[in-house]
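Have a look at the structure below, then the notes.
Number of protein chains: 2
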Amino acid sequence: MSATRRQPGWPFFCFANLRLNSPFNRDEVWPHLPKRVQQTIIDKKLKFFVIDGVKLGNEIGLGSRINVIMQTAFFKISNIIPIDQAVREIKDAIVKSYSKAGEKVVNMNNQAVDVGLENIQEVTVPTSADSTIEMTIGQWAGTPDTVQNTLGPIIDGLGENLPISAMPDDGTFPTGTAMFEKRNIAIETPVWDEELCIQCGICSFVCPHATIRMKIYDEKELAEAPETFKSCAARGKDMGGRKFTLQVAVEDCTGCGACVYNCPVKSKEDENHKAINMQPQPPLRDTERKNLDFFLNLPDTDPALFNSATLKGSQLLPPMFEFSGACAGCGETPFVKLCSQLFGDRMLVANATGCSSIYGGNLPSTPWTTRKDGLGPAWSNSLFEDNAEFGFGFRLAIDKTTEFARELLVKNMACGCAACKGSSELKQAILDADQSSQALIEEQRGRIKQLKAILAKCTHETATQLLADADFLTKKSVWIHGGDGWAYDIGYGGLDHVLATGANVNVLVMDTEVYSNTGGQASKATPMAAVAQFAAGGKQMPKKDLAMMTMTYGNIYVAKVSMANPGQVVKAMLEADAYDGPSLIIAYSHCIAHGINMTSAVDNCKRAVNSGYWPLFRFDPRLAAEGKNPLQLDSKAPSISFEDFANKENRFRMLKKSNPEQAEQLMEASAKDFAARFELYQKLANLSADCGTK
Amino acid sequence: MSATRRQPGWPFFCFANLRLNSPFNRDEVWPHLPKRVQQTIIDKKLKFFVIDGVKLGNEIGLGSRINVIMQTAFFKISNIIPIDQAVREIKDAIVKSYSKAGEKVVNMNNQAVDVGLENIQEVTVPTSADSTIEMTIGQWAGTPDTVQNTLGPIIDGLGENLPISAMPDDGTFPTGTAMFEKRNIAIETPVWDEELCIQCGICSFVCPHATIRMKIYDEKELAEAPETFKSCAARGKDMGGRKFTLQVAVEDCTGCGACVYNCPVKSKEDENHKAINMQPQPPLRDTERKNLDFFLNLPDTDPALFNSATLKGSQLLPPMFEFSGACAGCGETPFVKLCSQLFGDRMLVANATGCSSIYGGNLPSTPWTTRKDGLGPAWSNSLFEDNAEFGFGFRLAIDKTTEFARELLVKNMACGCAACKGSSELKQAILDADQSSQALIEEQRGRIKQLKAILAKCTHETATQLLADADFLTKKSVWIHGGDGWAYDIGYGGLDHVLATGANVNVLVMDTEVYSNTGGQASKATPMAAVAQFAAGGKQMPKKDLAMMTMTYGNIYVAKVSMANPGQVVKAMLEADAYDGPSLIIAYSHCIAHGINMTSAVDNCKRAVNSGYWPLFRFDPRLAAEGKNPLQLDSKAPSISFEDFANKENRFRMLKKSNPEQAEQLMEASAKDFAARFELYQKLANLSADCGTK
């Protein structure tokens, strides 16, 4: 899906009419418009109408599905066909489209027609534009130079006024800039109930936009907290009276509601009240902006207090991927975010073309950011057809530079200059360092900092070059990110080649099972029976089993993961990073292209797993080296049928409508295919037990 | 390996000396040189030497390995370093290189030095060039126009004199032209012993150049046979007194000796005498040329007399791939030839770049040819990176044209013109035809011939177009040929994509386990521990298991075959062609790049199979549809070790010499890898039996 950018519901001009979905009525709306919009309405002599579609949708039970309301309002004011005829035809279409979903749905939609007709109001347009609101944000004071001079003006829509000299010489843009685009697109946004919360972290985990943050900190930090800043006692052993806060970035939230939907806690008094609940955003803006600022300035949670190899632990790590332009409820970004939480301080990302390259680096801003000390991911997008190779190049360059830095350091050991005096133990420690855990890596960073201080004054011939390359003496984690269109199709030849080299690269495939970014064309990841572009009659061929194909190498770490089991995702990512060889993680990524409700999409993920459609497993070559079966199945035998999963998604349901016979045949074949596949995985995982040696 | 072309041993000029390996001595050689060569020797004032390296090599037991003889002779006449020093250094090198192979080999090579020194003779060069031999063949009378006007002059080395107009407008060249290049490169060539022969067909099967042919025919055909034409009673039931002949094309033979080596019959009197034996070629040329002409004019063997699904049966079919420029003993061409025997009358070949594209279509000639009625393969080479797609295009075009022809035929049924009168039964029979066997296909061809005769006179509006497309009403077999560099590496992305479409294409991968044509670079098919270009320290990573990767789709026919089991190769090719979906056959193709004796290379193939290195199997989706295990293992559990196989090939042995420690480690890892793989195949093949359902 193409990434959402800037305010939706932006004025829509038609036939010299302007219809605005607005919480302000005909009498209130004018001063809320930016001056430039006011002037345009006056200049173009537009008739201007408002309707509060969102409020009406909620009232009649349709929620955010306000298309029928807005469509009816459009026909009423546009007069392109007689309104009676329009209403008749819309209502006929409603019966045709929704009667299978039941009378209730039909009634709600008919009601939508009625409220659309009733509530569209014409605004009396004043003769002069007197708004104090400018369309530009223009408040870039205090931001980094690049934001002030280059990115800010682009955000303001004034990019065409920038001189070439405002662009970076080498095309490199600073990270951490999506935080400057306060999009304020959520109508409702989550509000934390600190009393109910069990601090499990699931709301933060599923949030596609990293707008829900968690921290544990000393109580004393609260001394200067804003009045509305919330906190409670941190749960768990050895917390020594520390506080816990779950903070929402309401201006960056898209309002998808996945956090609330997935919250496992319900109030005893009101089962609709959870530990996090949606509330209208506008009243929260100002207070929560201050609360967020305060929250971000709190120290990061002490790593000694949690185990990052768990769902909760991973969410106590600061994300280095935040506020992207991905769709509300995106099923890819939680994986990208998690990856940044676990490895952001040392990761380099080669990103294939696709959704992730769009929301990952769409001028003017990037969601990739750093942690407080400035360490963070380096990111670049390459072509669809060479992204694995691109990431492989990162690995080669890093390894060569590390090798060179080590050589220089060995030579530098002999230096007897004043600066180097007594430093040989430090240098040897750097060469011998074990960097197998985050804590050990941070220790190495400490040593390298000392080394750099020495090198700055060292007179040895190696000093200048070693100073430049010293950071390569810390472990780096190379990640190759992309979607199924890249991994299964266009980039597969290269992906296979890079995995076969044995190089230490980590591949994350966000498998939406279609080319999401370009509008949902079938890929080899599309399952049999699903409808997609170029597969209007349902995909005829089975889904390619990229995981099993890759497992045949034997020396590649392979995992299939899903948000259905966050703990397993965290485990797989950590194992992949730790494995000194190629790793492939295939993540089930729900998508608007599936024709599902994105708020409750994790339920779809669970059905995918529980039906055996998406088995969870990890294939770890290290186990084979120990004489064990390398394949560990992390999900159970199917407890629901393939149909139980598929019938909840429009991509499968569509065919039943358009070609029931074909649908039945394909659904049956697909069910059989997935059942056989699950069985094979099960057999492979049980080989040692059932069939003797390995 | 690059294809051998034209006469090897062609004059080698060095430092104004010419050294010729020749059966003629200093007094005899001059009149045997072409006039142009004589004139060049005179004009350039060359010193001219001869030596009969082949005879000397045979005498001292080195056979065709005459490099030391020729090298010593070169140092003697070139004077680039003092000859005593040269001899000393050559002999030192012999000890170093061959001492591991035993004293006998060292002695033979030392003897080679001695005979090289003794036997190089200077020719007294006459003052005028008086040879009656021309370098051009020039005898193109009676050949097709294209051969006379275009290909013949190119064969004669006069291509640069051709006008552009001599080239085909569309780049299409006629097939069946390699037969015009009588290369006469074999020093010895096989001679059939009709009394000993058991008519098994193995000599014909292993022959890389289709120079051994078999026919069964009526005795009356022998009435006008040349005097020396051999025949004997055809073996087998119901032969009704028919005769059998095994004919050798001595002028096209490369003298590899694989036929003789693989002949299973030995004379009781002399165990060195087999049913086919090598003899010097020159004395056989004239008689065998006539015998071959007579043989080719005999009718093809009646298909009712044999079962083409067997080794012997397949060799009674006329090859439509003959006399290519592939290396002597090539391990690829027997598969290409067999494919042409089984499907040549209806096959289209998309050929990836590599050895097979070089020997398959290297101007001026092509080995692809037709059967007697003119039906034969259409062949084209495409790029390395798109050959699977290229072949897929053939399939799409054929299917569309067939569909169109059927539509036209249905419309044409209604025609009441004079020509069409009474033809509706014929037309219906064409539409309903079962074409599942060769005999049924030939029947359809007969019907189409009748249809075309009718259409030539038919007045219906469909007649002209249908006449043009009528041949598409016969079944076609699309083949996609290439080596491992294409299939495992450069073209893999496309290959995977095409196989995943479910289209009815047949892929033949000739797996030499290196990029043979470009000089032996490692591919993903190269096994761990083998030395190759870019893997001088032995390949570190395991061989990619293309077969198992492809099997994961479930709906693709996959077979792994080897000349170790000809019957299984024939079976797999027939099953692949019959399967109405994608098929992949991976053929173990021994190669000079393996560092083996090409004469006895089928022994290497057998060791590959017997060690479990190259398991033979067929994975047939049709079996799964019947509820059976689709995987059938055709080879037994290893009876010899990986080392027993690998130690017989220089590609593995080399590392032991250059880096014994690394070699030991890699060989052990590789042995373990192949053992684990075989075990997995065995387990998968036994799944239903051992692990319950499927």
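Chains as they are written, first to last, in the numbering used here: chain F, 1 to 694; chain V, 695 to 1388.
Don't be surprised by glycine CBs; every beta carbon is placed ideally from N, CA and C.
All of these numbers come straight from a predicted model, not from anything done at the bench.
C-beta contact flag for F:K524 and F:D580 at 8 Å: If you number the first sequence from 1, residue 524 of chain F lands on position 524. If you number the first sequence from 1, residue 580 of chain F lands on position 580. Not a contact, by the Cβ cut-off of 8 Å.
Residue ranges of each beta strand (DSSP E) within the segment 1296-1365 of chain V, 3 or longer: 1311-1313 and 1325-1327
Which of helix, strand or coil DSSP assigns to F:P582: In the first sequence, residue 582 of chain F corresponds to position 582, counting from 1. Three-state DSSP puts F:P582 in coil, outside helix and strand.
For F:E188, the residue or residues it bridges with in DSSP: Counted from its first residue, the first sequence places residue 188 of chain F at position 188. In the DSSP output, where bridge partners are listed per residue, F:E188 has F:P280.
Beta-bridge pairing of V:C926 - partner residues as DSSP gives them: The residue labelled residue 926 of chain V in the question sits at position 232 within the second sequence. Paired residue(s): V:F938.
Beta-carbon spacing of F:F49, F:E122 below 8 Å: Within the first sequence, the letter at position 49 stands for residue 49 of chain F. Within the first sequence, the letter at position 122 stands for residue 122 of chain F. It is a contact, given that the beta carbons lie within the stated cut-off.
V:R700 (DSSP reduced to helix, strand or coil): Residue mapping note: residue 700 of chain V aligns to position 6 of the second sequence, counting from 1. Caution is warranted here: a pLDDT of 38 is assigned to V:R700, below 50, making its placement in the model unreliable, and the coordinate value is therefore given only provisionally. V:R700: coil per DSSP, three-state reduction.
Buried or exposed by the 16-neighbour rule on C-beta atoms within 10 Å, applied to F:E224: Along the first sequence, one-based indexing puts residue 224 of chain F at 224. Answer is exposed; the Cβ neighbour count stays below 16.
Those residues which DSSP pairs with F:M214 across a bridge: One-based indexing of the first sequence puts residue 214 of chain F at position 214. Its beta-bridge partners are F:L246.
CB of F:V514 within 8 Å of CB of F:A532, strictly: The residue given as residue 514 of chain F occupies position 514 in the first sequence. The residue given as residue 532 of chain F occupies position 532 in the first sequence. It is a contact, given that the beta carbons lie within the stated cut-off.
Which residues DSSP lists as bridging V:Y1209, in chain order: Residue numbering aside, residue 1209 of chain V sits at position 515 when the second sequence is read from its first letter. According to DSSP, V:Y1209 bridges with V:Q1215.
Same chain, Cβ closer than 7 Å to F:Q247, five either side skipped, listed in chain order: To locate residue 247 of chain F, count along the first sequence from 1; it is residue 247. Cβ neighbours of F:Q247 beyond the five flanking positions: R213, N291, L292 and F295.
Exposure of F:M573, with buried meaning 16 or more beta-carbon neighbours within 10 Å: Against the first sequence, residue 573 of chain F aligns to sequence position 573. Label assigned to F:M573: buried.
Closer than 8 Å to chain F by CB, V:Q1234: The residue you call residue 1234 of chain V lines up with position 540 of the second sequence. Yes, because at least one Cβ of chain F sits closer than 8 Å to the Cβ of V:Q1234.
Which residues DSSP lists as bridging V:Q1122, in chain order: If you number the second sequence from 1, residue 1122 of chain V lands on position 428. According to DSSP, V:Q1122 bridges with nothing at all.
Proximal residues of chain V, C-beta to C-beta of F:Y613 below 8 Å: As a position in the first sequence, residue 613 of chain F is number 613, starting the count at 1. Under the 8 Å cutoff, chain V gives no residues; its nearest Cβ is about 15 Å from F:Y613.
Euclidean distance between Cα positions of F:G63 and F:Q279: As a position in the first sequence, residue 63 of chain F is number 63, starting the count at 1. As a position in the first sequence, residue 279 of chain F is number 279, starting the count at 1. If you take the alpha carbons of F:G63 and F:Q279, they lie about 13 Å apart.
Terminal residues of the alpha helix (DSSP H) in which V:S1171 lies: Locating residue 1171 of chain V in the second sequence gives position 477, where the first residue counts as 1. First-last for V:S1171: S1171 to G1177, but that is the beta strand (DSSP E), not the alpha helix (DSSP H).
Cutoff 8 Å: F:T501 Cβ touching any chain V Cβ: Position 501 of the first sequence holds residue 501 of chain F. Yes, its Cβ sits closer than 8 Å to a Cβ of chain V.
Pairwise C-alpha distance: V:I775 and V:Q805: Counting from 1 along the second sequence, the entry for residue 805 of chain V is found at position 111. Counting from 1 along the second sequence, the entry for residue 775 of chain V is found at position 81. Rounded to the nearest angstrom, the two C-alpha atoms are 21 Å apart.
C-beta neighbour in chain V for F:N517, strict 8 Å: Reading the first sequence from its first residue, position 517 is the one you call residue 517 of chain F. Not an interface residue.
Rounded straight-line distance, which links the Cα of V:V885 to that of V:E915: For the purposes of this step, residue 915 of chain V is taken as residue 221 along the second sequence, with counting starting at 1. For the purposes of this step, residue 885 of chain V is taken as residue 191 along the second sequence, with counting starting at 1. In a straight line, the C-alpha of V:E915 is about 22 Å away from that of V:V885.
Same chain only: Cβ atoms within 6 Å of F:N351, ignoring 5 sequence neighbours per side: Stepping through the first sequence from its first residue, residue 351 of chain F is reached at position 351. Counting only Cβ-Cβ distances below 6 Å, and skipping sequence neighbours, we find S357, G360, N381 and H481.
Close beta carbons around V:Q1356, own chain, < 7 Å, minus the five adjacent residues each side: Reading the second sequence from its first residue, position 662 is the one you call residue 1356 of chain V. These residues qualify, in order along the chain: G1231, G1232 and L1349.
Euclidean distance between Cα positions of V:G1025 and V:I763: Taking the second sequence and counting its residues from 1, one reaches residue 1025 of chain V at position 331. Taking the second sequence and counting its residues from 1, one reaches residue 763 of chain V at position 69. The alpha-carbon atoms of V:G1025 and V:I763 are separated by roughly 28 Å.
Spatially closest choice to V:S1018 from V:A904, V:K909 and V:N715, by CA coordinates: What you label residue 1018 of chain V is simply residue 324 of the second sequence in a count that begins at 1. Minimum Cα distance to V:S1018 is reached at V:A904.
Under 8 Å between C-beta atoms of F:T651 and F:G567: Along the first sequence, one-based indexing puts residue 651 of chain F at 651. Along the first sequence, one-based indexing puts residue 567 of chain F at 567. It is worth fixing the name first, because residue 651 of chain F is Arg in this sequence and not Thr. Contact: no.
Interface flag, V:T1220 vs chain F, CB-CB below 8 Å: Residue mapping note: residue 1220 of chain V aligns to position 526 of the second sequence, counting from 1. So no, V:T1220 is outside the interface.
Any chain V beta carbon closer than 8 Å to F:M549: Counted from its first residue, the first sequence places residue 549 of chain F at position 549. Judged by the 8 Å Cβ criterion, F:M549 is in contact with chain V.
Inter-residue spacing [alpha-carbon to alpha-carbon] between F:N297 and F:F244: Numbered from its first residue, the first sequence carries residue 297 of chain F at position 297. Numbered from its first residue, the first sequence carries residue 244 of chain F at position 244. Using only the alpha carbons, I get a separation of about 14 Å.
Touch test, the segment 1186-1200 of chain V against the segment 1311-1326 of chain V, Cβ-Cβ under 8 Å, three pairs minimum: no
Proximity of V:V1199 and V:V1172 at Cβ, strictly below 8 Å: If you number the second sequence from 1, residue 1199 of chain V lands on position 505. If you number the second sequence from 1, residue 1172 of chain V lands on position 478. Taking 8 Å as the Cβ cut-off, V:V1199 and V:V1172 qualify as a contacting pair.
DSSP-derived helix/strand/coil call for F:A535: The residue labelled residue 535 of chain F in the question sits at position 535 within the first sequence. DSSP places F:A535 in strand when its eight states are reduced to three.
Neighbour-count burial assignment, F:F12, 16 or more Cβ in a 10 Å radius: As a first step, residue 12 of chain F must be located in the first sequence, where it is residue number 12. Note that F:F12 scores 46 on pLDDT, short of 50, meaning its location in the model is unreliable; the coordinates nonetheless yield the value given after this. Exposed is the call here.
Three-state secondary structure assigned by DSSP to V:N773: As a working mapping, residue 773 of chain V is identified with position 79 in the second sequence. Of the three classes helix, strand and coil, the one that applies to V:N773 here is coil, per DSSP.
F:F29 (DSSP reduced to helix, strand or coil): Stepping through the first sequence from its first residue, residue 29 of chain F is reached at position 29. According to the sequence provided, residue 29 of chain F is Val. The question's Phe does not apply to it. If DSSP states are grouped into helix, strand and coil, F:V29 belongs with coil.
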